[in-house]
Amino acid sequence: MNDEHPYTTSSQTVGPYLHIGMTWLVTDDLVGPGVTGDPYVIEGRVLDADGAPVDDALVETWQANAFGRYDHPDDRRDLPLESGFKGFGRVPTDASGRFRLRTIKPGPVPGADGAMQAPHINVTVFMRGMLKQLRTRIYFPDERANASDPVLATVPAERRETLIAKPVGAGQLQWNVVLQGEGETVFFDY
Amino acid sequence: MTNRSDAARPIGYRIADEGTQPEYLYPPYSSTVKRSPSQPLVRLPWSLSEVTGPLFGFDRIMANDFDLTKQHAGDPIGERIIVSGRVLDANARPVANTLVEIWQANAAGRYPHPRDDHDAPTDANFTGCGRTLTDADGRYRFVTIRPGEYPWRHHYNAWRPAHIHFSLFGPAIATRLVTQMYFPGDPLLEYDPMYTSIPDERARKRLVSAFDWETTIPEQALGYRFDIVLRGRDETPMESDR
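Respectively, the protein sequence lines represent chains A and B.
Those letters in the first sequence? Residues 4 to 193, per my numbering, in order.
Those letters in the second sequence? Residues 906 to 1147, per my numbering, in order.
Rendered as structure tokens:
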């Protein structure tokens, strides 16, 4: 690249005291009154290379509503928006590395070149000991569209299940973030 | 022809410039060793999922959120400073109306946080948390106190340089940025593994704020300028398979 432009600012870790600046915007229940969709409680843990819980992580989520519409000006498709659903979640992990989020299953959204993507939640993870964010996705179990999802298709088959939440009860899903090693979560670059 | 309303081929964001971003694994910062992925990241093609993101409005911001010296009954201890700057994208366009969150230690280098057991005084008049939205020109401004350096036990005689944590969203989840602002002339910077994790020395130096006469208020507060550049939209959309 030889064009003149300002250089992107470098990332730095959130450090261990992120709660001071970020707790005010904690959003662990995305489902406001009158929101369409199947509610789910998604619970999981963030684990390091030793399987030790990461008790100072922050998990942020971003998703479409039940109609598959993102509440954002770049999504200009003629699909309903609902004032009770913004699509953003932010939850810190607790002493056992656990986070918990209540949301709805998003509708399908188009992928690159028009192939529809299976319902998914975009996840960004921050923590002490991480110099820049990690990005991943949560997919839903028992979802036929997973088989034709263009992103899952690019992930090595043996690692695909790290992106798919496990049912643990009615409306309850479990999905862990494994940072390194056995069962390491698939992380994305974009 | 591609345009941003084409849901199937949204315009993506430029990759951050070479050398500007740290790697996940940087052994001099030892906590990265067990918290960094060992597998290569999977590159995603751009879809609406990555080029959209949460947008926040003034309904979430309170009047004193930008002034960390006015959030309690009395004045905090320490040197008052003005921290301001512009948020631009990598195409040199201002990033307007975007949320900027900051947090920092007090003047003694102590955080009001249960995990901070550094033997330095807390300050009931300073909790070290602020937020604001950029204006139409991408400008932001905080009033705060200069944070102290503090020891962090990472290695023998380890001290963090004075810093303010910044968190920004920009227009998409692809532009999300968390960083730290440092102060000019800080002798601790070259010993700090977070600072040195950035490969390109010029990029590192851009995290160091500049003393600024323009925003210094006579007999009141020194000004420091810290401009931030978020990723910019790719302006050559047909190169979608870079």
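Glycine residues also receive a C-beta, built at the ideal position from the N, C-alpha and C atoms.
No experiment lies behind these values; they were computed from the predicted model shown.
Helix, strand or coil, according to DSSP, for residue i in the structure here?
i: Asn-969 (chain B); result: helix
i: Asn-1062 (chain B); result: coil
i: Tyr-193 (chain A); result: coil
i: Met-1086 (chain B); result: strand
i: Gly-172 (chain A); result: strand
i: Ala-1067 (chain B); result: coil
i: Ile-107 (chain A); result: strand
i: Ile-23 (chain A); result: helix
i: Thr-127 (chain A); result: strand
i: Glu-1106 (chain B); result: helix
i: Leu-166 (chain A); result: helix
i: Gly-117 (chain A); result: helix
i: Ser-943 (chain B); result: coil
i: Arg-914 (chain B); result: coil
i: Phe-204 (chain A); result: Beyond the ends of chain A as shown, which are 4 and 193, falls residue 204 (chain A); an answer cannot be given.
i: Ala-150 (chain A); result: helix
i: Thr-64 (chain A); result: strand
i: Pro-981 (chain B); result: coil
i: Leu-84 (chain A); result: coil
i: Ser-14 (chain A); result: coil
i: Asp-1146 (chain B); result: Confidence is the limiting factor: at Asp-1146 (chain B) the pLDDT is only 45, short of 50, which leaves the residue's position unreliable, though a coordinate-based value still follows. Residue state, collapsed to three classes: coil.
i: Tyr-1100 (chain B); result: helix
i: Val-181 (chain A); result: strand
Can you list the residues of chain A that residue i reaches, using a CB-CB cut of under 9 Å?
i: Thr-937 (chain B); result: Thr-16, Gly-132, Met-133 and Leu-134
i: Ile-982 (chain B); result: Chain A residues near Ile-982 (chain B): none, gap ~17 Å exceeds 9 Å.
i: Ile-987 (chain B); result: Per Cβ cutoff of 9 Å: no residues; Ile-987 (chain B) is ~19 Å from chain A at best.
i: Tyr-934 (chain B); result: Thr-16, Gly-132 and Leu-134
i: His-1060 (chain B); result: By Cβ distance, chain A contributes nothing, its closest Cβ being about 14 Å from His-1060 (chain B), past 9 Å.
i: Tyr-1055 (chain B); result: Per Cβ cutoff of 9 Å: no residues; Tyr-1055 (chain B) is ~10 Å from chain A at best.
i: Gly-1033 (chain B); result: Tyr-20, Ile-23 and Gly-24
So which residues on chain B does residue i lean against when the C-beta distance must stay under 7 Å?
i: Lys-89 (chain A); result: Pro-959
i: Pro-9 (chain A); result: Leu-993, Ala-995, Ala-997 and Val-1134
i: Tyr-142 (chain A); result: Under the 7 Å cutoff, chain B gives no residues; its nearest Cβ is about 12 Å from Tyr-142 (chain A).
i: Trp-65 (chain A); result: Gly-958, Pro-959 and Ile-1078
i: Ala-52 (chain A); result: Lys-939
i: Tyr-73 (chain A); result: Leu-953 and Thr-957
Determine, using beta carbons only, whether residue i and residue j come nearer to each other than 8 Å.
i: Asp-31 (chain A); j: Arg-103 (chain A); result: yes
i: Gly-18 (chain A); j: Arg-131 (chain A); result: yes
i: Ser-952 (chain B); j: Ala-115 (chain A); result: yes
i: Val-38 (chain A); j: Ile-107 (chain A); result: yes
i: Phe-1088 (chain B); j: Tyr-1129 (chain B); result: yes
i: Thr-1039 (chain B); j: Asp-970 (chain B); result: no
i: Tyr-934 (chain B); j: Pro-1092 (chain B); result: no
i: Leu-138 (chain A); j: Pro-42 (chain A); result: The sequence shown places Arg at residue 138 (chain A), rather than the Leu named in the question. No, the Cβ-Cβ distance between Arg-138 (chain A) and Pro-42 (chain A) is not below 8 Å.
i: Ala-156 (chain A); j: Ala-121 (chain A); result: no
i: Arg-48 (chain A); j: Gly-100 (chain A); result: yes
i: Ile-987 (chain B); j: Ile-1133 (chain B); result: no
i: Gly-917 (chain B); j: Val-956 (chain B); result: yes
What residues of chain A sit near residue i, judged by a beta carbon separation below 7 Å?
i: Ser-1102 (chain B); result: Leu-134
i: Glu-1006 (chain B); result: Gly-24 and Met-25
i: Gln-926 (chain B); result: Ser-13, Ser-14 and Lys-135
Whose Cβ in chain B lies nearer than 9 Å to the Cβ of residue i?
i: Ala-115 (chain A); result: Ala-913, Arg-914, Pro-915, Leu-949, Pro-950, Trp-951, Ser-952 and Ser-1145
i: Leu-84 (chain A); result: Within 9 Å Cβ-Cβ: nothing; Leu-84 (chain A) doesn't reach chain B, min ~12 Å.
i: Thr-127 (chain A); result: Ile-1078 and Arg-1081
i: Arg-163 (chain A); result: Per Cβ cutoff of 9 Å: no residues; Arg-163 (chain A) is ~11 Å from chain B at best.
Write down the C-beta distance between residue i and residue j rounded to the nearest angstrom, noting that I regard them as a contact closer than 8 Å.
i: Gly-1043 (chain B); j: Ala-997 (chain B); result: Actually they do not touch by this definition, with Cβ atoms about 10 Å apart.
i: Arg-1012 (chain B); j: Ile-1050 (chain B); result: Residue 1012 (chain B) is actually Ala in this sequence, not Arg. Right, their Cβ atoms sit about 5 Å apart.
i: Cys-1034 (chain B); j: Gly-24 (chain A); result: 5 Å
i: Leu-82 (chain A); j: Gly-90 (chain A); result: 13 Å between Cβ atoms; not a contact.
i: Tyr-1045 (chain B); j: His-1023 (chain B); result: 29 Å between Cβ atoms; not a contact.
i: Arg-991 (chain B); j: Thr-974 (chain B); result: Incorrect: roughly 22 Å between the Cβ atoms, too far for contact.
Which chain A residues sit within Cβ distance under 8 Å of residue i?
i: Val-956 (chain B); result: Asp-77
i: His-1023 (chain B); result: Near His-1023 (chain B) there are no residues of chain A at all, since even the closest Cβ is about 11 Å away, more than 8 Å.
i: Pro-1017 (chain B); result: Ile-23
Going along chain B, which residues have a C-beta under 8 Å from residue i?
i: Ile-167 (chain A); result: Under the 8 Å cutoff, chain B gives no residues; its nearest Cβ is about 15 Å from Ile-167 (chain A).
i: Glu-187 (chain A); result: Pro-942, Ser-943 and Gln-944
Going residue by residue through the segment 1003 to 1082 of chain B, where are the continuous beta strand (DSSP E) segments of at least 3 residues, counting only ones entirely within it?
1004 to 1009, 1034 to 1038, 1044 to 1050 and 1068 to 1073
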